[in-house]
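Student: Before I ask anything, here is the structure I am working with.
Numbering (the working numbering), first residue to last: 23 to 341.
Here it is in structure tokens:
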């Protein structure tokens, strides 16, 4: 028979999810070596991955991993498209010491910590809060004195809302990521006028379909991981809708509070917004005000989608 002290030590050891930590390290290192993540992005992804996956409900990890996989594929594919549409030469300052790692004109150094955090922080926060209110969680047992102040009638809907918020958040991130793969002629969402490809706030029918598909895939994977809080069909369809919604919010923000400049001479969008207008390159502003960066737009749109889904679920406006 195992003594009580040894058993307690084993429980305390397992409460830290050591296998989950090793898995997060592996994913971060592998992604860095594959140039999907910069070094700062790999460290951030390791932390985010562990905090999300170390959860009694694996649905959070399923949503994160499905988005990360889709995002990695889409980002690599996007670079090949974007190379001919957007001039990023003035927007990126590449460390000369790392220049030897870049292969080909469309190669990139991967996502940095800002990009990783903007596409993960809210979902991870929901996962941590869920652990606080989940009776089977080791984190919940540590906070038992605090959690006891809340009635079960309160914590039940809250846990459900946190799941809905996290899934909608990553469905939105995935939808926004896949939406950029469209090559069809885009139109500015605010006035529906045709604009050059690569314009912030531009949408196309195929792009919106891709956005819906991104949310659909996240919902599909999540619905088969663990025990979903709702019927699978509803979960999949709701994530598809949130993927589309997030893409629309992102486009509205991109067209209004994110500036897009265009070179008439080179016939392509210039990634750097703070650039002198006119000149030999014939630089003009297509749309937007220079208030938010692309990362900030992504953060606001996906977080707004997640908060909206959480509120709708908590107040039972939708199942």
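Glycine included, each C-beta is placed from N, C-alpha and C at the ideal position.
Go ahead and label residue 48 buried or exposed: buried means 16 or more other beta carbons lie within 10 angstroms of its beta carbon, across all protein chains shown.
Tutor: Residue 48 should be labelled exposed.
Student: Going by Cα to Cα distance, which pick from 185, 230, 286 and 142 is closest to residue 265?
Tutor: Measuring from the Cα of residue 265, the nearest candidate turns out to be 230.
Student: Between the stretch 55-72 and the stretch 178-190, do at least 3 Cβ pairs fall closer than 8 Å?
Tutor: No: the two stretches stay apart, fewer than three of their Cβ pairs being nearer than 8 Å.
Student: Does residue 82 get closer than 8 Å to chain D when you measure Cβ to Cβ?
Tutor: No chain D appears in this structure, which consists of one protein chain only.
Student: Among 258, 280 and 318, whose alpha-carbon lies nearest the alpha-carbon of residue 350?
Tutor: Any property of residue 350 remains undetermined from this structure, which presents the chain solely from 23 to 341.
Student: With H, G and I counted as helix, E and B as strand and the rest as coil, what does DSSP make of residue 61?
Tutor: Here residue 61 sits in helix by DSSP.
Student: Cα-Cα, which of 274, 262, 197 and 289 is closest to residue 219?
Tutor: If we check each option's Cα against that of residue 219, 289 comes out closest.
Student: Taking the CB atoms as reference points, tell me whether residue 323 and residue 178 lie closer together than 8 Å.
Tutor: Their beta carbons are not under 8 Å apart, which means residue 323 does not touch residue 178 by this criterion.
Student: Taking C-alpha atoms, which residue in 192, 270 and 331 lies nearest to residue 92?
Tutor: Of the listed residues, the one whose Cα sits closest to residue 92 is 192.
Student: Less than 8 Å between the C-beta atoms of residue 187 and residue 339, yes or no?
Tutor: No, Cβ-Cβ distance for residue 187 and residue 339 is not below 8 Å.
Student: Use the C-beta contact count for residue 306: other C-beta atoms within 10 angstroms, 16 or more gives buried, fewer gives exposed.
Tutor: Exposed.
Student: Which residues in the same chain as residue 61 place their Cβ atom closer than 8 Å to its Cβ, once the five residues preceding and following it in sequence are excluded?
Tutor: 54.
Student: Are there 16 or more other CB atoms within 10 angstroms of the CB of residue 40, so buried, or fewer, so exposed?
Tutor: Under this definition residue 40 is an exposed residue.
Student: Buried or exposed for residue 312, going by 16 or more other Cβ atoms inside 10 Å?
Tutor: Under this definition residue 312 is an exposed residue.
Student: Once DSSP output is grouped into helix, strand and coil, what is the label at residue 128?
Tutor: Below a pLDDT of 50, predicted positions are generally treated as unreliable, and residue 128, at 39, falls in that range; the measurement from the model is reported next regardless. Residue 128: coil per DSSP, three-state reduction.
Student: Where DSSP assigns a beta bridge to residue 210, which residues make up the other side?
Tutor: Answer is 224.
Student: Nearest CA to the CA of residue 273: which residue from 65, 76 and 233?
Tutor: Per the Cα distances, 233.
Student: Unbroken beta strand (DSSP E) runs of length 3 or more, entirely within the stretch 278-306: which are they?
Tutor: The qualifying runs are 282-285 and 290-292.
Student: Determine whether the beta carbon atoms of residue 210 and residue 277 lie at a separation below 8 Å.
Tutor: In this structure, residue 277 lies closer than 8 Å to residue 210 by Cβ.
Student: Any idea what DSSP makes of residue 340, helix, strand or coil?
Tutor: Reduced to three states, the DSSP call for residue 340 is coil.
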